[in-house]
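Engineer: Protein sequence lines correspond, in order, to chains A and X. Quick note on my numbering: the first sequence kicks off at 39 and runs consecutively. Quick note on my numbering: the second sequence kicks off at 39 and runs consecutively.
Protein chains: 2
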Amino acid sequence: MGNAPLTIIDLTTKKGAIVAPRRQPSTLRDVARLAGVSPATVSNVMQNHPRVADATRKRVQDAARALQYEPNPLARSLRSGRTGTIALITPGLQNAYFAELATELIRTANAYNRRISVEVLDGDRQREESILTGTWTSFADGILYIPQKLTGREIDYVLDSRAGRRPPVVLLGERGAGADCAQVTYRNSDASQAAVKLLLDGGAKRVVAIGPHERAGSATPRLEGYTAALKQAGIPLRPELIRETPTWHRSAGMEAVSELLAEGVEFDAVFAFNDMIALGAMAALANAGLRVPDDVQVVGFDDVEESNFSVPALSTIDPGKAEAAQLALELLDAILAGTEPTNRQIFPDFSVVARGTTLASPNRSHAHD
Amino acid sequence: MGNAPLTIIDLTTKKGAIVAPRRQPSTLRDVARLAGVSPATVSNVMQNHPRVADATRKRVQDAARALQYEPNPLARSLRSGRTGTIALITPGLQNAYFAELATELIRTANAYNRRISVEVLDGDRQREESILTGTWTSFADGILYIPQKLTGREIDYVLDSRAGRRPPVVLLGERGAGADCAQVTYRNSDASQAAVKLLLDGGAKRVVAIGPHERAGSATPRLEGYTAALKQAGIPLRPELIRETPTWHRSAGMEAVSELLAEGVEFDAVFAFNDMIALGAMAALANAGLRVPDDVQVVGFDDVEESNFSVPALSTIDPGKAEAAQLALELLDAILAGTEPTNRQIFPDFSVVARGTTLASPNRSHAHD
DNA sequence: CTGAAAGCGCTTACAG
DNA sequence: CTGAAAGCGCTTACAG
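1. Does the beta-carbon of Leu323 of chain A have 16 or more other beta-carbons within 10 angstroms, so that it is buried, or is it exposed?
2. Buried or exposed: where does Gln186 of chain A fall if 16 or more other Cβ atoms within 10 Å of its Cβ makes it buried?
3. If Pro379 of chain A sits next to Gly358 of chain A, beta carbons under 8 angstroms apart, how far is it from one beta carbon to the other, in whole angstroms?
4. Under the three-state reduction of DSSP, which class applies to Arg145 of chain X: helix, strand or coil?
5. Does the beta carbon of Ala137 of chain A come closer than 7 angstroms to any beta carbon on chain X?
6. Residues of chain X with CB closer than 8 angstroms to the CB of Thr141 of chain A, please, in chain order.
7. State the CB to CB distance for the pair Ser230 of chain A and Gly263 of chain A, rounded to an integer number of angstroms; the pair is presumed to be in contact (CB under 8 angstroms).
8. Report yes or no: is there a C-beta of chain X within less than 7 angstroms of the C-beta of Pro331 of chain A?
9. Mind checking Ser353 of chain X: buried by the 16 CB within 10 Å criterion, or exposed?
10. What does Met84 of chain X reach in chain A if we use C-beta pairs closer than 8 angstroms?
11. In the structure shown, what three-state DSSP assignment does Tyr150 of chain A receive?
12. Who are the neighbours of Leu72 of chain A on chain X, taking C-beta pairs under 8 angstroms?
13. Do you know how far the Cα of Glu252 of chain X is from the Cα of Glu282 of chain X?
14. Please state the DSSP three-state secondary structure of Asp387 of chain X.
15. Which one or two residues does DSSP pair with Leu282 of chain X in a beta bridge?
16. Suppose contacts are defined by Cβ-Cβ distances below 7 angstroms. Is Val336 of chain X in contact with Ala316 of chain X by that definition?
17. Can the beta-carbon of Ala140 of chain A be found closer than 7 angstroms to that of Thr121 of chain A?
18. Report the three-state DSSP secondary structure of Pro59 of chain X (helix, strand or coil).
19. Between Gly180 of chain A and Leu365 of chain A, which are expected to be in contact by the criterion C-beta below 8 angstroms, what is the C-beta distance as a whole number of angstroms?
20. Of all the alpha helix (DSSP H) runs that stay within the bounds of the region 107–136 of chain X, which reach a length of 4 or more residues?
21. Kindly indicate which three-state DSSP category Glu304 of chain X falls into: helix, strand or coil?
22. At 9 angstroms on the CB atoms, spell out the chain A contacts of Asn312 of chain X, in chain order.
23. Looking at chain A, is there any beta carbon in it that lies within less than 7 angstroms of the beta carbon of Pro33 of chain X?
24. If you measure beta-carbon to beta-carbon, which residues of the region 264–289 of chain A are closer than 8 angstroms to chain X?
25. Go through its chain and collect everything with a Cβ distance to Pro277 of chain A's Cβ below 8 angstroms, but skip five positions before and after it.
26. Relative to the C-alpha of Trp408 of chain X, which candidate in X:Ala247, X:Ser389, X:Ala363, X:Ala125 has its C-alpha closest?
27. Are any of the Cβ atoms in chain A nearer than 7 angstroms to that of Ile144 of chain X?
28. For the pair the region 97–104 of chain A and the region 72–89 of chain A, tell me if three or more CB-CB distances fall below 8 angstroms.
29. Are the C-beta atoms of Pro111 of chain X and some chain A residue less than 7 angstroms apart?
30. In the DSSP assignment, the alpha helix (DSSP H) including Ala229 of chain A goes from what residue to what residue?
31. To the nearest angstrom, report how far apart Phe309 of chain X and Gly190 of chain A are at their CA atoms.
32. Could you give the residue range of the beta strand (DSSP E) that holds Thr354 of chain A?
Structure below.
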């Protein structure tokens with residue numbers, strides 16, 4: 039094996055090629071030996087520790103390259119106590135909003151040199167608890183958690199009953215409020231008020247709200263925003279214009295609008311509590327021969343990618359997904375570094391994205407301008 | 039600390055409660071000491087090794103419980119060489135199909151007692167290469183890879199240039215064919231043929247195909263299936279009924295149908311290369327006042343969750359997502375266990391899901407019956 | 001059935 | 001600036 043001739047592998051046929059034997063991955067000790075230094079020095083070079091002589095550094099780097107050395111992340115983690123992995127616990131990936139948030143999180147984490155390991159909930163309380171407790175997530179340095187069923191108090195309870203110390207957790211979204219965790223929450227009420235104001239600025243007088251329900255989450259503050267906007271404009275609240283829905287799927291929007299039309303309720307605008315509802319509402323309006331935005335304006339919430347592709351393109355609220363991802367990771371980083379900020383409740387900025395389904399000035403207006 | 043009175047923590051106020059000091063996680067040695075056995079024995083008990091005396095086993099288990107002991111997964115992995123983590127490299131999570139496949143994979147992996155760490159590609163070749171090479175994925179025992187840009191040959195090249203030994207990789211989908219990897223691929227051609235047959239069985243004579251394009255992937259076999267079905271039915275291929283699209287988004291389906299209508303092309307059925315195209319096509323048909331399925335039948339591909347919620351519900355092909363997830367994980371498991379099967383090219387069964395957009399018998403018919 | 005010993009591959013004070 | 005030594009928490013042959 040030692041002196042076997044090395045032949046360039048013929049990629050087209052692989053015939054007659056002498057394939058190099060797969061080597062064992064080389065270790066830090068191998069590099070140290072080749073470079074004629076101690077393992078400690080190699081370690082320092084690999085971590086870009088400053089106090090290494092330039093000549094030594096170069097020698098080590100050359101040796102590492104020659105041996106195709108890559109540090110074993112497991113050994114490194116065991117020793118340093120950090121894995122560089124963050125567990126994301128999310129209600130699901132099916133939902134476009136969660137999928138986009140997860141993508142944003144993964145991207146941002148990569149920029150921070152971290153991996154994201156994903157756990158998907160599925161509405162089962164038991165499972166949610168056990169994932170939170172589990173050895174499962176114990177690989178991770180910290181947890182990014184979008185609660186589905188558990189309340190703040192329950193989250194605290196579960197976290198405290200874990201073996202070992204309580205892991206660093208950052209909560210995302212409305213749920214889980216009250217838990218003793220840092221949390222990134224959207225400005226749901228203000229953003230909803232801005233959304234409804236966009237409709238009113240376009241001349242709407244009778245704005246339907248589709249999506250309220252009793253469960254914990256963002257439905258309540260969004261309804262507040264709706265109410266506040268009408269109040270500010272001096273428009274009376276009409277109960278028949280507020281439509282609860284069991285889900286926030288496209289079908290809910292379709293059904294709500296179909297019912298409104300069937301009941302003969304008059305309306306000239308729709309504030310949908312998310313984009314899926316808005317898209318469903320638009321489909322129902324189109325079926326009924328109503329033109330958007332001329333007959334009925336529509337605004338959604340979430341700025342899901344698909345909202346760009348409807349005809350006309352959907353006006354909506356970007357609640358600040360990208361910023362939320364960034365802030366959540368920064369928060370977790372700070373906690374991991376032991377520099378947890380005093381303000382543990384963070385609200386990213388939202389923006390109003392006026393596209394083709396509303397009549398007011400089509401500029402993308404920001405929350406604070 | 040030793041004899042401090044333990045007080046039940048008052049969850050409602052937390053006032054006056056003596057909070058137990060957060061302890062360091064206990065280790066295997068702690069358990070061994072408390073149980074009066076050696077670390078090796080504790081290790082054996084934790085792994086359910088059979089040859090441990092029942093009495094000893096019980097003593098160890100009691101000690102472990104008393105100390106709230108949980109094995110450190112890092113140390114375990116370093117020693118055993120396995121992390122229990124699998125890297126999933128996917129083009130994206132936005133796309134409903136990929137999101138559902140990822141969910142399926144995560145669920146199945148959990149059942150196998152494995153974590154899934156997700157890497158998202160974004161159309162950048164460089165990034166795709168570096169993710170594949172990177173230390174990034176080197177934490178994982180194996181890789182589940184849905185290629186986006188890289189060809190089979192490129193994948194081989196990148197994998198071989200990695201430091202250390204070539205990692206176990208299972209490919210998912212059409213792309214990357216030809217790489218020296220196990221692969222799970224849908225029966226795209228057969229399934230497409232069945233989809234078109236469903237339309238023909240419902241009386242269709244002029245079936246539009248929306249979605250072909252030149253790029254590598256599943257478009258080609260799906261077009262083959264379309265062609266084969268027509269041929270078998272003795273129906274001539276009409277070029278004007280075959281509509282290429284730049285993307286497989288909803289908008290592509292809308293535009294294709296709008297164009298067909300504008301051009302005055304006659305058709306009575308649509309075979310959309312995926313569900314999103316189908317849904318877009320249905321929207322355009324509705325806008326034009328055409329009834330589905332009476333005027334135009336529609337069938338999609340993927341059985342995305344949303345296809346249940348369109349009105350009428352979309353008939354489609356379930357290519358076998360759940361089975362594919364299962365098979366891919368089994369394949370990877372076999373490779374990790376050193377028992378790689380001789381047949382490394384695996385095709386899950388598809389099924390025809392006849393719902394409301396087609397006219398033939400509405401039974402869910404399976405591929406092999 | 002149980003234990004003593006070596007070691008997975010790295011990092012981290014601590015001397016020098 | 002560099003190295004010797006200890007150790008992260010576990011598992012794995014190997015004796016007994």
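Positions of the beta carbon are idealized from the N, C-alpha and C atoms, including for glycine.
Structural biologist: Well, looking at it:
1. Mapped onto the first sequence, residue 323 of chain A falls at position 285. With 16 or more Cβ atoms within 10 Å of its Cβ, Leu323 of chain A is classed as buried.
2. As a working mapping, residue 186 of chain A is identified with position 148 in the first sequence. Result: buried.
3. On the first sequence, position 341 is the one that residue 379 of chain A refers to. On the first sequence, position 320 is the one that residue 358 of chain A refers to. So it is not a contact: roughly 18 angstroms between Cβ atoms.
4. The count along the second sequence starts at 1 and reaches residue 145 of chain X at position 107. Of the three classes helix, strand and coil, the one that applies to Arg145 of chain X here is helix, per DSSP.
5. Position 99 of the first sequence holds residue 137 of chain A. Closer than 7 angstroms to some Cβ of chain X, the Cβ of Ala137 of chain A qualifies, so yes.
6. On the first sequence, residue 141 of chain A is found 103 positions in, with the first residue counted as 1. Ordered by position in chain X, the residues that pass the 8 angstroms Cβ test against Thr141 of chain A are Gly130, Leu131, Gln132, Val158.
7. Counting from one through the first sequence, the residue named residue 230 of chain A turns up at place 192. Counting from one through the first sequence, the residue named residue 263 of chain A turns up at place 225. Yes, Ser230 of chain A and Gly263 of chain A are in contact; Cβ-Cβ is about 3 angstroms, under 8 angstroms.
8. Mapped onto the first sequence, residue 331 of chain A falls at position 293. Not one chain X Cβ lies under 7 angstroms of Pro331 of chain A.
9. Start at 1 with the first residue of the second sequence, and residue 353 of chain X comes out as number 315. Around the beta carbon of Ser353 of chain X, 16 or more other beta carbons lie within 10 angstroms, which makes this residue buried.
10. Numbered from its first residue, the second sequence carries residue 84 of chain X at position 46. Per Cβ cutoff of 8 angstroms: no residues; Met84 of chain X is ~11 angstroms from chain A at best.
11. Taking the first sequence and counting its residues from 1, one reaches residue 150 of chain A at position 112. Residue state for Tyr150 of chain A is assigned as coil, using DSSP reduced to three classes.
12. Reading the first sequence from its first residue, position 34 is the one you call residue 72 of chain A. Residues of chain X passing the Cβ test: none, with the nearest at roughly 15 angstroms.
13. Counting from one through the second sequence, the residue named residue 282 of chain X turns up at place 244. Counting from one through the second sequence, the residue named residue 252 of chain X turns up at place 214. The alpha-carbon atoms of Glu282 of chain X and Glu252 of chain X are separated by roughly 9 angstroms.
14. Start at 1 with the first residue of the second sequence, and residue 387 of chain X comes out as number 349. Here Asp387 of chain X sits in coil by DSSP.
15. Taking the second sequence and counting its residues from 1, the one referred to as residue 282 of chain X is at position 244. Just to set this straight, residue 282 of chain X is Glu in the shown sequence, not Leu. None, per the DSSP bridge assignment.
16. By one-based count along the second sequence, residue 336 of chain X stands at place 298. By one-based count along the second sequence, residue 316 of chain X stands at place 278. For Val336 of chain X and Ala316 of chain X, yes; Cβs fall inside 7 angstroms.
17. On the first sequence, residue 140 of chain A is found 102 positions in, with the first residue counted as 1. On the first sequence, residue 121 of chain A is found 83 positions in, with the first residue counted as 1. Contact: no.
18. As a first step, residue 59 of chain X is located in the second sequence; it is residue number 21 there, counting from the start. Low confidence applies to Pro59 of chain X: its pLDDT is 41, below 50, so where it sits in the model is not reliable, and the reading given next is rough at best. Three-state DSSP puts Pro59 of chain X in coil, outside helix and strand.
19. On the first sequence, residue 180 of chain A is found 142 positions in, with the first residue counted as 1. On the first sequence, residue 365 of chain A is found 327 positions in, with the first residue counted as 1. Gly180 of chain A to Leu365 of chain A, Cβ: 14 angstroms. No contact.
20. 111–118
21. What you label residue 304 of chain X is simply residue 266 of the second sequence in a count that begins at 1. Of the three classes helix, strand and coil, the one that applies to Glu304 of chain X here is coil, per DSSP.
22. Looking up residue 312 of chain X in the second sequence gives position 274. Result: empty, since nearest Cβ-Cβ is about 14 angstroms, beyond 9 angstroms.
23. Because chain X here runs from 39 to 407, residue 33 of chain X falls outside it and cannot be looked at.
24. Near chain X, meaning a CB-to-CB distance below 8 angstroms, the residues of the region 264–289 of chain A are His287, Arg288, Ser289.
25. Taking the first residue of the first sequence as position 1, residue 277 of chain A is located at position 239. So the list is empty, once near-sequence residues are dropped.
26. For chain X, the structure presents residues 39 to 407; residue 408 of chain X sits outside this window and is missing.
27. By one-based count along the second sequence, residue 144 of chain X stands at place 106. Flagged as an interface residue toward chain A: Ile144 of chain X, by a C-beta distance shorter than 7 angstroms.
28. yes
29. If you number the second sequence from 1, residue 111 of chain X lands on position 73. Yes, its Cβ sits closer than 7 angstroms to a Cβ of chain A.
30. Within the first sequence, residue 229 of chain A is the residue found at index 191, counting from 1. It spans 226–239 - the alpha helix (DSSP H) in which Ala229 of chain A sits, taken as one unbroken run.
31. One-based indexing of the second sequence puts residue 309 of chain X at position 271. One-based indexing of the first sequence puts residue 190 of chain A at position 152. Between Phe309 of chain X and Gly190 of chain A, the C-alpha separation is close to 48 angstroms.
32. To locate residue 354 of chain A, count along the first sequence from 1; it is residue 316. Note, Thr354 of chain A: beta strand (DSSP E), 354–356.
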